[in-house]
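Chemist: Quick one: the structure is below, questions incoming.
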Amino acid sequence: MQAAYDPLKAFAPLTFPDPAGVTRAADGTPGPGYWQNRADYTIHAVLDPASNILSADETITYTNNSPNALDYLWLQLDQNIYRKDSRAGFAFGFPNPQPTEGHVLDAVETNGAATPFVVNDTRAQLRLAKPLSAHSKIAIHIRYHYVVPGKFGGRTAHAPSKNGEIYDIAQWYPRMAVYDDLRGWDTLPYLGSEFYLDYGDVDYSVTVPSDMLVAGSGELVNPQDVLTKAEMDRLAEARASDKAVMIRTAAEVNDPASRPKQGGTLTWHFKMANTRDVAFSASKAFLWDAARINLPGGRTALAQSVYPAEAAQPDGWNRSTEYVKDSVRDRSGSWAA
Numbered sequence: 026m027q028a029a030y031d032p033l034k035a036f037a038p039l040t041f042p043d044p045a046g047v048t049r050a051a052d053g054t055p056g057p058g059y060w061q062n063r064a065d066y067t068i069h070a071v072l073d074p075a076s077n078i079l080s081a082d083e084t085i086t087y088t089n090n091s092p093n094a095l096d097y098l099w100l101q102l103d104q105n106i107y108r109k110d111s112r113a114g115f116a117f118g119f120p121n122p123q124p125t126e127g128h129v130l131d132a133v134e135t136n137g138a139a140t141p142f143v144v145n146d147t148r149a150q151l152r153l154a155k156p157l158s159a160h161s162k163i164a165i166h167i168r169y170h171y172v173v174p175g176k177f178g179g180r181t182a183h184a185p186s187k188n189g190e191i192y193d194i195a196q197w198y199p200r201m202a203v204y205d206d207l208r209g210w211d212t213l214p215y216l217g218s219e220f221y222l223d224y225g226d227v228d229y230s231v232t233v234p235s236d237m238l239v240a241g242s243g244e245l246v247n248p249q250d251v252l253t254k255a256e257m258d259r260l261a262e263a264r265a266s267d268k269a270v271m272i273r274t275a276a277e278v279n280d281p282a283s284r285p286k287q288g289g290t291l292t293w294h295f296k297m298a299n300t301r302d303v304a305f306s307a308s309k310a311f312l313w314d315a316a317r318i319n320l321p322g323g324r325t326a327l328a329q330s331v332y333p334a335e336a337a338q339p340d341g342w343n344r345s346t347e348y349v350k351d352s353v354r355d356r357s358g359s360w361a362a
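All letters in the sequence shown, in the order written, are residues 26 to 362 by this note's numbering.
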């Protein structure tokens with residue numbers, strides 16, 4: 026059970042001494058001894074549209090590259106912003122219209138042993154049996170679930186469309202807070218602004234009803250399991266096309282033949298290397314198109330868009346891939362190393 030807390034009550038463990046051995050110059054730029062910790066994630070998630078519950082099994086491999094031993098670890102639990110007693114609700118002066126329980130941690134283990142933890146607003150402190158020594162790793166295993174907020178949730182929410190519910194799933198897994206050389210643990214609560222995260226690899230799978238498409242950060246590594254032969258052929262065509270190729274058309278949205286399986290579930294598997302975060306969207310209502318992006322140095326990438334049929338209006342979401350291509354190409358030319 027997660028400990029209840031008073032969002033207006035002081036929480037003593039949030040005050041820390043400065044970390045040993047600050048490795049930056051006076052202007053804040055990294056020095057020769059600079060380090061960053063690393064967080065790699067493997068996540069197996071299940072989205073149940075009948076209950077709007079996302080449940081998952083997560084393993085975090087956390088690497089302490091700092092010169093300090095860590096007695097405890099901190100997690101970010103962004104879904105707790107939707108709790109009735111969240112600090113964000115007090116900060117903005119209005120309660121959540123449909124509060125949830127936020128991230129419910131069903132089990133937490135470190136290196137295979139059950140680990141006590143304390144939840145405070147959008148953070149959780151894991152209290153280790155022995156310190157995580159400098160330049161060493163620890164495996165954190167978490168089972169959790171939460172109710173996906175309705176459309177009031179913003180960047181993480183579900184909302185109806187003509188052909189089915191659309192789920193936009195962001196800030197959906199417990200993530201490591203940052204331990205850095207300036208402040209130690211960054212334990213600021215999440216109030217709705219952007220966030221500070223370590224880099225790492227994320228290997229994640231999402232199980233959904235078989236009639237849904239999933240668009241996720243990173244690369245889809247099992248297209249043969251979740252796409253039809255026609256969709257895989259069209260995706261291959263899109264990788265060589267400067268103009269958008271329809272992977273699934275409006276006419277196919279309600280056609281069972283546009284899915285490789287009728288009934289049950291399918292599991293979509295994605296990988297993204299050296300990233301701070303991943304997100305995904307899922308719906309049976311999605312149209313899908315894609316096109317090649319030509320990048321500096323002869324490199325290429327794939328721009329993709331998913332959207333409901335009613336969004337394919339003149340200069341609407343049916344031009345999204347065109348806009349993505351232009352944005353990525355322009356920024357790559359301006360900011361390429």
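Just so you know, even glycine gets a beta-carbon here, dropped at the ideal spot from N, CA and C.
Since the model is a prediction, treat every value here as computed from it, not as a measurement.
Select from 239, 285, 207, 103 the residue whose C-alpha is nearest the C-alpha of residue 56.
Modeler: 207
Chemist: Using 8 Å as the Cβ pair cut-off and three pairs as the minimum, do the segment 310-325 and the segment 348-357 touch?
Modeler: yes
Chemist: If we count Cβ pairs, one from each stretch, closer than 8 Å, do we get three or more for the segment 255-265 versus the segment 292-302?
Modeler: Note that the segment 255-265 does not touch the segment 292-302; fewer than 3 beta-carbon pairs, one per stretch, sit closer than 8 Å.
Chemist: Are the CB atoms of residue 105 and residue 137 nearer to each other than 7 Å?
Modeler: no
Chemist: Is the segment 214-224 close to the segment 133-153, with three or more CB pairs under 8 Å?
Modeler: yes
Chemist: With contact counted as at least three CB pairs below 8 Å, one residue from each stretch, are the segment 248-259 and the segment 82-96 in contact?
Modeler: no
Chemist: Look up residue 331 in the DSSP assignment and say whether it is helix, strand or coil.
Modeler: strand
Chemist: Indicate whether residue 64 and residue 201 have their beta-carbon atoms separated by less than 7 Å.
Modeler: yes
Chemist: Output needed for residue 277: all residues of its chain with C-beta closer than 8 Å, excluding positions within five of it in sequence on either side, in chain order.
Modeler: 283
Chemist: Nearest to residue 285 by alpha carbon, out of 243, 237, 275, 241?
Modeler: 237
Chemist: Identify the continuous beta strand (DSSP E) that holds residue 156 and give its terminal residues.
Modeler: 148-157
Chemist: For a test of the three-state rule: what should DSSP assign to residue 303, helix, strand or coil?
Modeler: coil
Chemist: Compare the C-alpha of residue 149 against each of 156, 348, 165 and name the closest.
Modeler: Per the C-alpha coordinates, the member of 156, 348, 165 positioned closest to residue 149 is 165.
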